[in-house]
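Heads up: the sequence lines are chains A and B, in that order. Using our numbering, you'd call the opening residue of the first sequence number 23 and step up by one each time. Using our numbering, you'd call the opening residue of the second sequence number 211 and step up by one each time. Yeah, the Cβ is synthetic: ideal placement off N, Cα and C, and Gly gets one too. All of these numbers come straight from a predicted model, not from anything done at the bench. The next block holds one structure in the form of structure tokens; read it before the comments.
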Amino acid sequence: MIKVKNIGYKYPKAKTSIFEGHNFELEAGEILAILGPNGSGKTTLIKSLLGLLPIFEGEIKINGVRSYVPQHTLSPFDYSVTEMVVMGASGQNGLFAEPTKADFKKTDEALEQVGMLDWRDESFSHLSGGQRQMILIARALVSSPDIMILDEPTSALDYRNQDKVLQTMKYVADQGKAVIFSTHCPLQALHVSQKTLLVKNNTPSIFGLSKDVLSQENLSKLYQLPIARGRLEQSEIIVPLYS
Amino acid sequence: MSSRDIPSPPSLTQRLNNLLGYFGLSKTNNFTLQIIIMLSILTITIIFALSTGRYPISFDHVVRILLSNIFDITPDWKIVEQKVVELVRLPRILVAGLCGAALSISGAALQGMFRNPLVGPQIIGVSSGSAFGGVLAILFLLPSYFISIFAFIFGVIALLFTMGIARAGGGKNILSLVLGGIVTSAFFASLVSLAKYAADPDDALPTIVYWLMGSFNESSYSDVVYILVPILTAGVLVYKMRHLVNILSLGEEEARSLGVNVDRSRWTILLSVAVMISATVSVSGVIGWVGLIIPHFARMITGPNHSRLIPVSMLAGATYMILVDTVARTASYGEIPIGVLTALLGAPIFAWLLYRTQLKGWSND
């Protein structure tokens with residue numbers, strides 16, 4: 023469904039690239055986690071995958087409709103939840119697009135899928151961070167995507183809301199969609215994603231099955247900090263050993 | 211996943227919605243009701259404005275005079291009343307209403323697109339450009355219809371200036387557009403000053419000064435026809451794009467990720483606004499504040515969704531402008547320039563709206 027070959031990006035007129043040499047593949051129903059330190063180009067990579075930024079080398083082959091879940095939305099207007107979600111449906115229909123009855127039906131279905139239907143008439147800005155993230159996922163679902171791309175969807179959330187977002191991502195993948203998300207938490211990648219891409223400036227990226235790629239050695243090198251991976255009761259855990 | 215995982219939302223809105231639903235006023239019907247009420251207020255305002263003036267005419271006569279154009283009604287009014295209503299006041303009211311609607315639609319669309327509550331139609335430089343065009347025509351003592359033509363041409367030139375500066379600034383983003391607008395406005399404002407300096411103080415200068423303050427004093431049916439086509443065409447275009455304004459208000463990147471062709475949408479709206487503003491300035495001079503405050507007022511009534519905000523702004527703007535113009539022509543022995551009055555009323559009304567709404571409809575994050 024997605025094949026990325028040796029892609030790189032640099033700002034126009036810049037000498038050094040933001041990233042280069044990224045390779046990965048993803049099939050329908052799979053989740054890919056992108057991990058890397060701050061400034062390693064995760065968001066830039068995501069924007070390239072969305073077609074918002076042009077790559078300067080390599081090739082991206084994407085077979086299907088993409089939808090995007092930003093970290094947060096910057097609307098200065100106090101739209102209702104339904105108004106916010108239905109925008110996911112009407113955007114692609116040209117200059118004079120008007121949301122149809124079918125779009126509102128899809129909106130309700132998407133809100134139902136993320137467990138937020140009861141909030142359909144509430145003000146988006148009055149929701150908590152976790153709830154807003156769910157609404158943005160619902161907005162992405164409304165465009166009936168084949169691939170959902172999320173930029174650090176759990177970065178500002180508490181553990182319980184992080185879990186909800188991760189479960190929702192799993193649910194979306196179970197519906198046969200490919201999911202790509204960036205995160206600073208290797209444990210999340212280990213628990214929900216089949217595949218992981220580790221990115222770092224001036225270093226070749228590492229791609230493979232999450233259980234293999236998220237090794238102590240790879241992660242310690244990636245973050246330049248000792249990181250331990252082990253078991254606690256039934257669960258596998260990854261913890262940083264802060265200096 | 212179950213919605214029971216998440217704590218219950220505050221129920222006040224739901225209760226209100228239930229109550230509205232009980233009376234058959236679902237959200238959609240509620241909007242229809244708002245439009246019906248606003249149309250009724252506009253109609254009453256028009257009749258009030260037609261009957262008010264140096265020569266008062268009763269409501270009854272105004273209505274019968276208007277209806278006599280459609281139905282066969284035996285005249286029981288004086289001929290002079292009919293002339294005042296149909297030839298003097300009606301064209302002026304129609305021009306004022308159209309200008310108010312155009313300014314308000316423009317303001318609502320621009321505030322949404324620029325994602326800024328302080329944006330009015332003047333931000334893209336078109337008002338200043340049109341003002342200079344009009345001033346130029348007066349300066350060279352050209353026939354009065356040249357004022358309209360020049361105002362329109364220079365309005366569009368100003369927009370092209372703004373676009374050019376925005377592109378030269380290296381960005382397609384909103385900030386470079388705003389900066390382009392500020393530079394263009396300042397440039398044409400200086401040209402207006404230069405024209406004033408060069409104008410004959412006994413002849414052209416007073417005309418320029420009065421024209422710049424704005425007035426519907428000389429409005430005629432030919433003005434109605436002249437502005438109707440551009441305002442209707444551009445207004446319908448912006449109205450049709452009202453859902454897109456919602457998406458544009460999320461910011462460039464998010465809008466693009468939702469599949470919107472941001473550049474094309476943005477320039478279509480800007481060009482439509484430029485056409486409407488130029489048309490307005492060409493018949494009435496520069497009228498400030500209306501495009502700024504009316505969208506805030508409309509947002510208070512119908513919320514921030516531009517699919518409702520744009521039509522409500524249009525009706526509120528037309529009503530407001532007709533009311534203010536009625537005050538302008540009746541409050542004193544002489545005519546008060548409309549631009550002066552809208553500014554005089556606009557500043558305290560804007561402050562009141564801020565106090566009342568605390569920018570309600572705008573997220574406070």
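- Ranked by how close their Cα comes to the Cα of W562 (chain B), the residues B:Y543, B:I504 and B:H516 have B:I504 in first place.
- Only those residues of the region 67-101 of chain A whose C-beta falls short of 7 Å from the nearest C-beta of chain B are listed: L72, L74, Y90, P92, T95, L96, S97, P98, F99, D100 and Y101.
- In this structure, the straight-line span from the alpha carbon of L241 (chain A) to that of V87 (chain A) is close to 32 Å.
- Pairing I357 (chain B) with P98 (chain A), the inter-Cα distance amounts to about 39 Å.
- Selection A:Q93, A:S150, A:P208 and A:I159 evaluated against R182 (chain A) yields A:S150 as nearest (Cα-Cα).
- Only M109, G110, S112, G113, Q114, L117, F118 and A119 from the region 108-119 of chain A bring a Cβ to less than 7 Å from some Cβ of chain B.
- Closest in C-alpha terms to Q197 (chain A), from the list A:I24, A:G51, A:A36 and A:K27, comes A:G51.
- Pairing I159 (chain A) with W141 (chain A), the inter-Cα distance amounts to about 14 Å.
- By the criterion of a C-beta distance shorter than 7 Å, P121 (chain A) is surrounded in its chain by V108, A111 and S112, once the five residues flanking it on both sides are discounted.
- Only buried fits I418 (chain B), as 16 or more other CB atoms lie within 10 angstroms of its CB.
- With a beta-carbon spacing of about 7 Å, L188 (chain A) and H213 (chain A) fall inside the 8 Å limit used to define contacts.
- Contact annotation, S314 (chain B) with M510 (chain B): C-beta distance approximately 14 Å; criterion of less than 8 Å not satisfied.
- For K27 (chain A), the closest of A:S265, A:S227, A:V194 and A:A195 by C-alpha to C-alpha distance is A:S227.
- Not one beta carbon of chain A lies nearer than 7 Å to the beta carbon of S523 (chain B).
- Collapsing the DSSP output to three states places P262 (chain A) in a strand.
- S475 (chain B) is not a Cβ neighbour of L447 (chain B), given a cutoff of 7 Å.
- Annotated as proximal: A211 (chain A) and L57 (chain A), with beta-carbon spacing under 7 Å.
- D173 (chain A) is classed as buried because its beta carbon has at least 16 other beta carbons within 10 Å across all chains shown.
- Restricting attention to B:V329, B:S517, B:L404 and B:L422, the CA atom closest to the CA of I384 (chain B) is found in B:V329.
- DSSP places T205 (chain A) within a strand segment (E or B) once states are collapsed to three.
- For E105 (chain A), the chain B residues whose Cβ falls inside 8 Å of its Cβ are N456 and N515, in order along the chain.
- Using a CB distance below 9 Å, the part of the region 464-475 of chain B facing chain A consists of E464, A465, R466, S467, L468, G469, V470, N471, R474 and S475, ordered along the chain.
- Taking the Cα of S204 (chain A) as reference, the smallest distance to any Cα among A:L220, A:T104, A:L48 and A:K192 is reached at A:L220.
- When secondary structure is reduced to three states using DSSP, I504 (chain B) falls in the helix class.
- Taking the CA atoms as reference points, Q184 (chain A) sits about 32 Å from K32 (chain A).
- DSSP, read as helix, strand or coil, puts H94 (chain A) in coil.
- Among the residues of chain A, those whose CB is under 7 Å from the CB of R325 (chain B) are P98, following chain order.
- Cα atoms of I348 (chain B) and L415 (chain B): separation of roughly 9 Å, rounded to the nearest angstrom.
- Distance check between V298 (chain B) and each of B:G263, B:L308, B:D286 and B:I280 places B:G263 closest, using alpha-carbon atoms only.
- Per DSSP, P301 (chain B) is not a residue of any beta strand (DSSP E); the alpha helix (DSSP H) it occupies stretches across L300 to F324.
- Residue burial is scored here from C-beta neighbours: R302 (chain B) has at least 16 other C-beta atoms within 10 angstroms and is therefore classed as buried.
- Interface with chain A (7 Å Cβ-Cβ cutoff): M486 (chain B) is excluded.
- The region 529-537 of chain B and the region 404-411 of chain B do not touch, with fewer than three beta-carbon pairs separated by less than 8 Å.
- Proximity of the region 436-445 of chain B to the region 476-492 of chain B meets the contact definition, three or more beta-carbon pairs being nearer than 8 Å.
- The C-beta distance from P59 (chain A) to Y245 (chain A) rounds to 6 Å, short enough to fall under 8 Å.
- With contacts defined as CB atoms closer than 7 Å, L72 (chain A) and I171 (chain A) qualify as a contacting pair.
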